[in-house]
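Asks: Residue numbers (UniProt numbering): 1 to 251. All C-beta atoms, glycine included, are put in the ideal place defined by N, C-alpha and C. Small disclaimer: the values here were computed from a predicted structure and weren't measured. The structure under discussion is supplied below as structure tokens; questions concerning it will follow.
Structure (structure tokens):
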């Protein structure tokens, strides 16, 4: 299979959806209790229970939650089952990035409820840049980190008027920690047909790019402390709105 050279995607992000309709549609998360998980995602993160997929008597019960009811909207498939599956609950070093209309209110609600944990109210102050050649403007925004009832981490970014048109997807990125970024990139390029858009290496923590939508802003996140001072990260972008961000594990 022919592969493309790793580097910046020369296409205008506005053209991605028109040229290629492939999207990431589902991410499976193991949870202890479907009802508790769906209630947390609905009440505090504003997600919608699209469909309860549980089957009476089945060893694995499922539910699908998403930001809206559009068939192409990215969703989380929640899985709940026996002891073996329960052992995998929260066993994931990655994170999800979600836009919320009021970040402060979301944090206050989670803290007051006693459900989940507010890890950091201001994990990063980030520049927001337009990726197009005509762009170049830089604004500031804040990322907060929360942990849900099953131990999964969410980076919350407040939806703001300066981010441009309304973001079609509210779950805008999935961060995945991998032992070898280059190998992960190669697999996604060759197998999934995704193109790397931007790569960053930070001397203090990691940095990665996240796109808020088609043709609008790019967020650059500065994150956790890295004692090794060498954590490479790269964003992979598909033609949809969701982005995959790989962060290499520190040795």
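Quick one: give me the first and last residue of the beta strand (DSSP E) that residue 170 is part of.
Replies: As a first step, residue 170 is located in the chain shown; it is residue number 170 there, counting from the start. Looking at the DSSP string, residue 170 is not in any beta strand (DSSP E), and its letter there is neither H nor E.
Asks: Which runs of the alpha helix (DSSP H) at least 4 residues long sit entirely within the region 70–115? Give them in chain order.
Replies: As far as the region 70–115 is concerned, its whole alpha helix (DSSP H) runs of at least 4 residues are 83–86, 103–113.
Asks: DSSP three-state label for residue 55, please.
Replies: What you label residue 55 is simply residue 55 of the chain shown in a count that begins at 1. Three-state DSSP puts residue 55 in coil, outside helix and strand.
Asks: Classify residue 148 as buried or exposed, calling it buried when 16 or more other Cβ atoms lie within 10 Å of its own Cβ.
Replies: As a position in the chain shown, residue 148 is number 148, starting the count at 1. Under this definition residue 148 is a buried residue.
Asks: Please list the terminal residues of the continuous alpha helix (DSSP H) segment that includes residue 190.
Replies: On the chain shown, residue 190 is found 190 positions in, with the first residue counted as 1. Looking at the DSSP string, residue 190 is not in any alpha helix (DSSP H), and its letter there is neither H nor E.
Asks: Could you please give the first and the last residue of the uninterrupted beta strand (DSSP E) stretch that includes residue 66?
Replies: Your numbering for residue 66 matches position 66 in the chain shown. 61–66 is the span of the beta strand (DSSP E), which, as asked, contains residue 66.
Asks: For the alpha helix (DSSP H) containing residue 35, name the first residue and the last one.
Replies: What you label residue 35 is simply residue 35 of the chain shown in a count that begins at 1. Residues 34–43.
Asks: Can you tell which of 30, 89, 62, 118 has the C-alpha that lies nearest to the C-alpha of residue 44?
Replies: For the purposes of this step, residue 44 is taken as the residue at position 44 of the chain shown. That would be 118, whose Cα lies nearest to the Cα of residue 44.
Asks: For a test of the three-state rule: what should DSSP assign to residue 183, helix, strand or coil?
Replies: Sequence index remark: in the chain shown, residue 183 carries index 183 (1-based). Three-state DSSP puts residue 183 in a helix.
Asks: Kindly identify the DSSP beta-bridge partner or partners of residue 118.
Replies: If you number the chain shown from 1, residue 118 lands on position 118. Its beta-bridge partners are 146.
Asks: Look up residue 50 in the DSSP assignment and say whether it is helix, strand or coil.
Replies: The sequence position of residue 50 within the chain shown is 50, counting from 1. Strand.
Asks: For residue 25, which of helix, strand or coil comes out of DSSP?
Replies: The residue you call residue 25 lines up with position 25 of the chain shown. Coil at residue 25, not helix or strand.
Asks: Give the single residue among 59, 28, 65, 25 whose Cα lies nearest to the Cα of residue 35.
Replies: Translated into positions along the chain shown, residue 35 becomes position 35. Residue 65 is the option with its Cα nearest to residue 35.
Asks: Going by C-alpha distance, which of 33, 107, 53 is nearest residue 155?
Replies: Start at 1 with the first residue of the chain shown, and residue 155 comes out as number 155. Nearest C-alpha to residue 155: 107.
Asks: Could you give the DSSP three-state label for residue 152: helix, strand or coil?
Replies: As a first step, residue 152 is located in the chain shown; it is residue number 152 there, counting from the start. It is coil, neither helix nor strand.
Asks: Using 10 angstroms around the beta-carbon of residue 86, count the other beta-carbons present and answer buried if the total reaches 16, otherwise exposed.
Replies: Counted from its first residue, the chain shown places residue 86 at position 86. Exposed is the call here.
Asks: Using C-beta distances below 7 angstroms, list every residue in its chain close to residue 70, excluding the 5 sequence neighbours before and after it, in chain order.
Replies: Along the chain shown, one-based indexing puts residue 70 at 70. The answer is none, since no qualifying residue turns up.
Asks: Tell me the rounded alpha-carbon separation between residue 113 and residue 40.
Replies: Taking the first residue of the chain shown as 1, we reach residue 113 at position 113. Taking the first residue of the chain shown as 1, we reach residue 40 at position 40. Each residue's alpha carbon lies about 10 angstroms from the other.
Asks: Among 32, 186, 184, 158, which residue has its Cα nearest to the Cα of residue 103?
Replies: Taking the chain shown and counting its residues from 1, the one referred to as residue 103 is at position 103. Checked all of 32, 186, 184, 158; the closest Cα to residue 103 is 158.
Asks: How about residue 109 and residue 144: are their beta carbons less than 9 angstroms apart?
Replies: For the purposes of this step, residue 109 is taken as the residue at position 109 of the chain shown. For the purposes of this step, residue 144 is taken as the residue at position 144 of the chain shown. Not a contact, by the Cβ cut-off of 9 angstroms.
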